[in-house]
Every structure is written in C-alpha cells, then in structure tokens.
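Peer 1: Going by the numbering used here, the first residue of the sequence shown is number 108, and it counts up by one from there.
In this text, a Cβ means the ideal position worked out from N, Cα and C, and glycines have one as well.
These figures come from a predicted structure and were not determined experimentally.
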Amino acid sequence: MHPFIESRRIVDIAYDGKSLLPGDYLGKQLGKERERSKRLMLLGFVAFFFGGIYAEWVKRKEK
Numbered sequence: 108m109h110p111f112i113e114s115r116r117i118v119d120i121a122y123d124g125k126s127l128l129p130g131d132y133l134g135k136q137l138g139k140e141r142e143r144s145k146r147l148m149l150l151g152f153v154a155f156f157f158g159g160i161y162a163e164w165v166k167r168k169e170k
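(1) Have a look at K170 and R146 and give me their C-alpha separation to the nearest angstrom.
(2) Please go through the same chain and pick out, in chain order, the residues whose beta-carbon is closer than 7 Å to the beta-carbon of I120, but skip the five residues on each side of it.
(3) Measure from the C-beta of G134 to each C-beta in chain D and report whether the shortest distance is under 9 Å.
(4) Between the C-alpha atoms of A154 and L137, what's the straight-line distance to the nearest angstrom?
(5) Which of helix, strand or coil does DSSP assign to K145?
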C-alpha cells in the first residue's frame, strides 16, 4: 500500500430509484478523507524532514 498514492471511490447504486446508502454517508466519508489526508501529509513531512537530517548526519559522520 502506498499511503500517498491512494485513491478510493464510493459508488452509490440506486435500487428502485432509492439510494442504498444513508443520506449523509457520502458527505461524512469525504470529511473523513480530508482529515485523513491532512494527517498523512503531516506525517510524511515529518518523516522526510527527520530522514533528511539523519542522512546529513550519517554523511558528515563518515568524513
């Protein structure tokens, strides 16, 4: 799984003209995805930042 290249789709299939999903389901899912993407972006930034600092430290230590 690649957390930064993930795409999920929710399909609402109507049966006899009625939606099978609760009325506010799609809105709630979109809100959850927005919050999740913010957390993943922060986690990715912190990981790359500390990874860069560690790589620089290793490079300087080898000299």
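Peer 2: According to the structure shown:
(1) Straight-line spacing of the CA atoms in K170 and R146 works out to 37 Å.
(2) Counting only Cβ-Cβ distances below 7 Å, and skipping sequence neighbours, we find L127.
(3) You won't find chain D in this structure, because it holds only one protein chain.
(4) The straight-line gap separating the alpha-carbon atoms of A154 and L137 is approximately 26 Å.
(5) In the structure shown, K145 falls within a helical segment according to DSSP collapsed to helix, strand and coil.
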